[in-house]
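Undergrad:
Number of protein chains: 2
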Amino acid sequence: MESAFGIIAEPNRRAILSLLASSEQSVSEIEYHLRMPQPSVSKHLRVLREAGFVEARVDAQRRVYRIRPEPLMEIDAWLESFRHFWSAHVDALERHLDRTDPPPRKKGKKQ
Amino acid sequence: MESAFGIIAEPNRRAILSLLASSEQSVSEIEYHLRMPQPSVSKHLRVLREAGFVEARVDAQRRVYRIRPEPLMEIDAWLESFRHFWSAHVDALERHLDRTDPPPRKKGKKQ
DNA sequence: CAGTTACATACCTGTACGAGTATATACGTA
DNA sequence: TACGTATATACTCGTACAGGTATGTAACTG
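Each protein sequence line maps, in turn, to chains A and D. According to our numbering, the stretch in the first sequence is residues 1 to 111, in order. According to our numbering, the stretch in the second sequence is residues 1001 to 1111, in order.
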């Protein structure tokens, strides 16, 4: 599988990613939550892992998977060229912030 | 083809979308810029059109295609669940801005 | 040790889909 | 009218890939 876009074309893989977005999960937990056969989960995880979408931590017999953001960032970056179609001003502000300076160190809200 | 994700899995379709992102183009213009055979362009445009990524305006014998943002917005929305992985601080800042009217004019760059 | 759990992998099979080629349709022009 | 241009579609073919089933491997438990 070539690009990050091809990887997330598969609905089950997107479901796995969405599940992992909330918190890391073992294979059997994914299997349980998404109600899909274990070999299917493992195979999709392999694809996701080799494409850099997830990484595994070994915990005894378990493999706990978690998100790696890089490929998703790549997709987010590709969308950049199109954002002006639906977010004329809000997005510009967002991008601006992304690159400017560290978050303001204030805990009291500015009223 | 089911989802918007499946549509943009195809590299040539992404190329067409990227081209149209700058300005609308006729089929033969796309054919020229991307150097791909005309039937291929037409077929990809059909897929993109039926999925709502583009729409065509008729100009005599020409069909001028342009971006429709909705499906791309859908993908952008899906990415939302993952953005906290790479933009943890922007969130807080965003919320802050929500209630602060003028865009902060700071120039503290850390380069 | 044997048995069980947790996960990965090998193999087969069906099918969706993109490439390529040829042809159809629609419009414009002489 | 006939011909060229612009685009769409039909058809065949090859292949990537997801699903399913079975099996392999590693670790824990009694």
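Where a beta carbon is used, it is the ideal one built from N, C-alpha and C, also for glycine.
Under a Cβ-count criterion, where at least 16 other Cβ atoms within 10 Å of its own Cβ denotes burial, should LYS1109/D be classed as buried or exposed?
TA: In this prediction, LYS1109/D has a pLDDT of 39, which is less than 50 and means its spatial position is unreliable; nothing more can be read from the coordinates.
Undergrad: TYR65/A: buried (16+ other C-beta within 10 angstroms of its C-beta) or exposed?
TA: So TYR65/A counts as buried.
Undergrad: Check whether the Cβ of ILE1067/D lies closer than 9 angstroms to any Cβ atom in chain A.
TA: For ILE1067/D, the answer is yes, since a Cβ of chain A falls inside 9 angstroms of its Cβ.
Undergrad: Taking a cut of 9 angstroms between CB atoms, which residues from the stretch 1005 to 1016 of chain D lie near chain A?
TA: The stretch 1005 to 1016 of chain D vs chain A, Cβ under 9 angstroms: PHE1005, GLY1006, ILE1007, ILE1008, ALA1009, GLU1010, PRO1011 and ARG1014.
Undergrad: Would GLY108/A pass as an interface residue toward chain D - the criterion being a Cβ-Cβ separation below 9 angstroms?
TA: The pLDDT assigned to GLY108/A is 38, lower than 50, so where the model puts this residue is not dependable, and the model offers no usable value.
Undergrad: Using the beta-carbon of each residue, which ones in chain D are nearer than 9 angstroms to ILE30/A?
TA: What ILE30/A touches in chain D: nothing, since even the nearest Cβ is about 16 angstroms away.
Undergrad: So what does DSSP say about GLU2/A, is it helix, strand or coil?
TA: Here GLU2/A sits in coil by DSSP.
Undergrad: For ILE1067/D, name the three-state secondary structure that DSSP assigns.
TA: In this structure, ILE1067/D counts as strand in the three-state DSSP scheme.
Undergrad: Excluding sequence positions up to five away, which residues of its chain have a Cβ less than 8 angstroms from the Cβ of VAL1041/D?
TA: Result list for VAL1041/D: ILE1016, VAL1027, ILE1030, GLU1031 and LEU1034, in chain order.
Undergrad: To the nearest angstrom, how far is the alpha carbon of ARG13/A from that of ALA88/A?
TA: Those two C-alpha atoms are separated by around 32 angstroms.
Undergrad: Name, please, each residue of chain A whose Cβ falls closer than 7 angstroms to the Cβ of ALA1021/D.
TA: Simply SER81 and PHE82.
Undergrad: Could you list which residues in chain D have their beta carbon closer than 7 angstroms to that of SER40/A, in chain order?
TA: Ordered by position in chain D, no residue passes the 7 angstroms Cβ test against SER40/A, which lies about 18 angstroms from the chain.
Undergrad: With H, G and I counted as helix, E and B as strand and the rest as coil, what does DSSP make of GLN1025/D?
TA: In the structure shown, GLN1025/D sits in a strand (DSSP, three-state: E or B).
Undergrad: Do you know how far the Cα of GLU1010/D is from the Cα of GLY6/A?
TA: If you take the alpha carbons of GLY6/A and GLU1010/D, they lie about 7 angstroms apart.
Undergrad: Taking ARG1046/D as part of the alpha helix (DSSP H), name the residues at either end of that continuous run.
TA: Here the alpha helix (DSSP H) through ARG1046/D covers 1038 to 1050.
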